[in-house]
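As given, the protein sequences belong to chains B and Y, one line each in that order. First residue of the first sequence? That's 496 in the working numbering, and the numbers climb one at a time after it. First residue of the second sequence? That's 625 in the working numbering, and the numbers climb one at a time after it. Report on the structure given below.
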Amino acid sequence: MNIEEDDFSKKTSTKRNVRGISLPGLLNVLSYEGKTCKVIIKNKVLKGELYFKNGILVDAQIGEKIGEEAVCELLTLKSPDIFLEPFDGNREKTIDKSINQLLLDSEKCIDDINIKKTNKKRRKEMNIPMLKKAVETLKSDLGDGLLATDIWGLDGQPIVAFNSQPKASALFNRITNNINKTLKESGFPEMGKYYILDLVDNHMVVIILLGDFQWGMLINSKKLPLGLLLNVAIPNAIDAFEKSMTS
Amino acid sequence: MGKMLQEIYKIVTSKKGFQGRLKLAEITGISRADADEIDDTPALIEKVKKIASDIIGDDIEKFLNR
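This is the structure:
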């Protein structure tokens, strides 16, 4: 780690530029050394601060975010400039967790942020009118047998739907992740094209796995033979979905 | 037309599900339906085979030759 005096130094404060260490690494060092200081993290667009008092991270801020939320945001900044400044220790405490806990939590938080960014990007890449057409194709193939359908991304947020069930989308997204994890940890082959849940009262749920997307449908099985669903409706729906990716 | 491409699609779907199939379509820009129509030139097939092998994590030739 190299901490050097910076041209930004003011009369009342010595600002030091930190190089050669990652932000998580620096936070660990400041905590271990019991330092009291302010860490300024900035890139071309954003700027935030972390406040250490006797090695304890007491406050963080970036934009309108403060506390643990701000820590997470700051840890996602790519290749930021990092500076250290003196801090008098006088700051309201907004963080209760230890550095280790914050860094652990931030991994999940960073994953969530990356998923949201990826999802946003993927949505832009998808041809939404074509996706709507895919849903229309499914509706036409399944007729009255289709009660609801949603196509959602990595974050479980529906993108296109018929009789949308956003809560179910988010929860089935979680179930799919759990199944994937279970199969992986069991040493079983990974999931194939879809899974089906047989529900009481002549209902079933079909979840089709489409890479970064999933397509869920609630079906009245009394009105719809399984053969028609598996051999006609789903292949047609997938063809239409695929068109939206390549068109 | 596109017989070999169809075969590649079939293998990728069997090995990696719709996720693999969509990845192949996304990377090559050729949907499975388009694969029925397109001329499968040697250069195109080689390119698709390479991408398909990357997706299934194995040499697709092994499955095509069966």
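Note that beta-carbon positions come from the ideal geometry of N, C-alpha and C, so glycine has one too.
Start and end of the alpha helix (DSSP H) containing residue i?
i, result
"B:T632", "I623 to L637"
"B:N523", "L518 to Y527"
"B:G562", "G562 to L570"
"B:F667", "P661 to S681"
"B:K537", "It is not in any alpha helix (DSSP H) - B:K537 instead sits in the beta strand (DSSP E) that spans C532 to K537."
"Y:E685", "E685 to L688"
"B:E587", "No alpha helix (DSSP H) contains B:E587, which DSSP labels as neither H nor E."
"B:M740", "I729 to T741"
"B:L725", "Neither: B:L725 is in no alpha helix (DSSP H) and is coded neither H nor E."
Start and end of the beta strand (DSSP E) containing residue i?
i, result
"B:M699", "H698 to L705"
"B:V695", "First-last for B:V695: undefined, no H or E at that position."
"B:R514", "R511 to R514"
"B:P653", "P653 to F657"
"Y:K627", "Not the beta strand (DSSP E): Y:K627 falls in the alpha helix (DSSP H), residues K627 to T652."
"Y:D658", "Premise fails: Y:D658 lies in the alpha helix (DSSP H), R656 to E661, not in any beta strand (DSSP E)."
"B:V553", "I551 to I557"
"B:N715", "F708 to N715"
"B:F582", "That residue, B:F582, is in no beta strand (DSSP E); it is neither H nor E in DSSP."
"B:K542", "K542 to K548"
"B:D650", "Element bounds for B:D650: n/a, residue is neither H nor E."
Is the CB-CB distance between residue i and residue j below 8 angstroms?
i, j, result
"B:N668", "B:G687", "no"
"B:L570", "B:S601", "yes"
"B:E568", "B:I557", "yes"
"B:A629", "B:D645", "no"
"Y:A659", "Y:Q630", "yes"
"B:L541", "B:L597", "no"
"B:L518", "B:I590", "no"
"B:I729", "B:I702", "no"
Using a beta-carbon distance below 8 angstroms, is residue i in contact with chain B?
i, result
"Y:S677", "no"
"Y:I654", "yes"
"Y:G641", "yes"
"Y:E650", "yes"
For residue i and chain Y, any beta-carbon pair shorter than 8 angstroms?
i, result
"B:D734", "yes"
"B:T531", "no"
"B:G466", "This structure leaves residue 466 of chain B out entirely; chain B is present only between 496 and 742."
"B:G584", "no"
"B:G706", "yes"
Look at the alpha carbon of residue i and the alpha carbon of residue j, and state the distance between them as a whole number of angstroms.
i, j, result
"B:K634", "B:I691", "18 angstroms"
"B:I536", "B:L678", "41 angstroms"
"B:N697", "B:L641", "12 angstroms"
"Y:K640", "Y:I680", "6 angstroms"
"Y:I635", "B:Y689", "17 angstroms"
"Y:D682", "B:I714", "37 angstroms"
"B:A565", "Y:I654", "43 angstroms"
"B:V524", "B:A555", "17 angstroms"
"B:G515", "B:S574", "11 angstroms"
"Y:L688", "B:W710", "30 angstroms"
"Y:T665", "Y:Y633", "16 angstroms"
"B:E580", "B:R511", "7 angstroms"
With three or more C-beta pairs closer than 8 angstroms as the rule, is the stretch 663 to 680 of chain Y touching the stretch 713 to 722 of chain B? Contact fails: fewer than three Cβ-Cβ distances are below 8 angstroms.
Between the stretch 643 to 662 of chain B and the stretch 640 to 655 of chain Y, do at least 3 Cβ pairs fall closer than 8 angstroms? Because the criterion of three Cβ pairs below 8 angstroms is not met, the stretch 643 to 662 of chain B and the stretch 640 to 655 of chain Y do not touch.
Hey, is the stretch 522 to 540 of chain B in contact with the stretch 579 to 592 of chain B, meaning 3+ C-beta pairs nearer than 8 angstroms? Yes: at least three Cβ pairs fall under 8 angstroms.
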